[in-house]
Amino acid sequence: MTRILVTSTLAGDGKSVVAAGIASALRATGGTVRLVRIDDADSAQTDAQQLSRVNGVRGSSEAVGPADILNDTDHTVIEASSGHTLEADQTVLVVRHGEADDDTVARALAELQPDAVIVNGVPPTGGPATLERISGLGGNAVAAIPQDRHLAAPTVRDIAPALDGQLSGDAELFDEASKDLVIGPVSAHEGMDYFRKYPDKTLITRHDRIDIALGALDYEPLCLILAGGEPTLPYVAQRAERESFALITTGLTTLEAVEAIGPLYGNSPFVGERKLATAIDLVAATLPAESLT
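The numbering used here applies: residue 28 is where the sequence shown begins, and numbers increase by one.
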């Protein structure tokens, strides 16, 4: 049995993203995998619930103690908060691009002696320089996971209070996030191709532009935000109760709503099936398979 410890230099560096991706990649090789979150950090319970959703792996929706980890699989992936040490066959250190300074990273490398370093949230052209930086500090840099708008996006549940809005619709979508935030076009006719261009979207339009709202619903938005007040027709709210989308109504104008949502990006938790699927795909695309075994 192989134990892999996934930890980070700082809280919020993306170790849950990496742990989920590693566990899924190991499962894809045919081995049995256990995936757990240990310790009592503030985010541990949320992380454990998210990790328990990884398809095909064993785990717990509750954070556990080191002594409670079962040794019943080919691979055990353990996520632990920064600074936590645990006996493991491999240690993976996650560093978020642009967050920890060189001294902090160097101290983590010296203390943990990780077998691999993964840099998360790397800008499109920053991969080679980022990996070179880690190598220069003495770390074995094996992967640069690119920035991703979906992972950075706020959930529907995050957006509603930021808008002082009323949330309704499909409750199963409240902890999900969409890749794109789209402002409704001038006319519904122009909206058809526009909506099709952004398949994974949250749409903002004025509450009195029911033609725009109904046109968008044909293209299955995650969330519809009606700005400026309640919908002119109750039909929109009725559809939210029986169809798969979330509805937020707010007294803010469209511009005010966009400005309120903007600061939420990059500060939203790693929750929901959609973010989990994105994380698994990103890690699979960037992490060399040979570094997992």
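Here a beta-carbon is modelled for each residue, glycine too, at the ideal position from N, C-alpha and C.
Apart from the five residues just before and just after residue i, which ones in its own chain have a Cβ nearer than 7 Å to its Cβ?
i       : result
Asp-95  : none
Ala-187 : Leu-194 and Ile-275
Pro-93  : Ile-65 and Leu-113
Ser-109 : Thr-34, Ser-35, Thr-36, Leu-37 and Ala-38
Ala-107 : Leu-32, Thr-34, Ile-65, Asp-66 and Leu-113
Gly-298 : The question names Gly, but residue 298 is Val in the sequence shown. Around Val-298: Thr-73, Gln-77, Thr-182 and Asp-202.
In the DSSP assignment, the beta strand (DSSP E) including residue i goes from what residue to what residue?
i       : result
Ala-254 : 250-254
Ala-198 : Run containing Ala-198: none; DSSP gives neither H nor E here.
On a Cα-Cα basis, can you pick out the residue from the options that is closest to residue i?
i       : options                               : result
Val-33  : Asn-147, Gly-278, His-177 and Ala-156 : Asn-147
Asp-40  : Ser-79, Ala-171 and Leu-97            : Ala-171
Ile-23  : Glu-138, Gly-192, Leu-178 and Asp-129 : Within the shown structure, residues of the chain are numbered from 28 to 320, placing residue 23 beyond reach of any answer.
Ala-24  : Thr-277, Val-209 and Leu-249          : Coverage of the chain is limited to positions 28 through 320, which leaves residue 24 absent and any answer about it impossible.
Leu-244 : Asp-185, Gly-256, Gly-255 and Gly-211 : Gly-211
Tyr-292 : His-124, Ala-180, Thr-131 and Thr-152 : Ala-180
Ser-295 : Val-132, Asp-202 and Val-45           : Asp-202
Val-178 : Glu-199, Leu-200, Asp-207 and Ala-198 : The displayed chain sequence assigns Leu, not Val, to residue 178. Selected option, being the one with the closest Cα: Asp-207.
Tyr-264 : Ser-51, Ala-287, Asp-197 and Asp-220  : First, the residue type needs correcting, since residue 264 is Ala and not Tyr in the sequence shown. Among Ser-51, Ala-287, Asp-197 and Asp-220, the Cα nearest to that of Ala-264 is on Asp-197.
Can you give me the Cβ contacts of residue i inside the same chain, cut-off strictly under 8 Å, excluding the 5 residues immediately before and after it?
i       : result
Asp-67  : Ala-90
Thr-232 : Ile-210, Gly-211, Ile-239, Ala-240, Ala-243, Leu-251, Ile-252, Leu-253, Ala-254 and Thr-281
Ser-88  : Ala-75, Gln-76 and Ser-79
Leu-136 : Leu-120, Val-144, Leu-164, Gly-165 and Gly-166
Thr-15  : Any property of residue 15 remains undetermined from this structure, which presents the chain solely from 28 to 320.
Based on the DSSP secondary-structure assignment, which residues constitute the bridge partners of residue i?
i       : result
Lys-228 : Asp-207
Thr-29  : His-102
Gln-72  : DSSP output for Gln-72 lists no bridge partner at all.
Arg-54  : In DSSP, Arg-54 forms no bridge with anything.
Asn-147 : Arg-123
Ala-189 : In the DSSP output, where bridge partners are listed per residue, Ala-189 has none listed.
Gly-83  : Answer by DSSP bridge pairing: none, since Gly-83 is not bridged.
Taking the alpha helix (DSSP H) that residue i falls in, what are its first and last residues?
i       : result
Gln-174 : Note, Gln-174: premise wrong, no alpha helix (DSSP H); not H, not E.
Leu-309 : 300-313
Val-263 : 262-269
Which residues in the same chain as residue i place their Cβ atom closer than 6 Å to its Cβ, once the five residues preceding and following it in sequence are excluded?
i       : result
Pro-173 : Val-149
Thr-313 : Ala-170 and Ile-172
Phe-222 : Ala-243 and Tyr-246
Arg-301 : Glu-203
Heavy atom of the ligand FMN less than 7 Å from the Cβ of residue i, yes or no?
i       : result
Asp-130 : The ligand FMN is not part of the structure shown, which contains no ligands of any sort.
Would you be able to state if there are at least three C-beta pairs under 8 Å between the region 102-122 and the region 135-143?
yes
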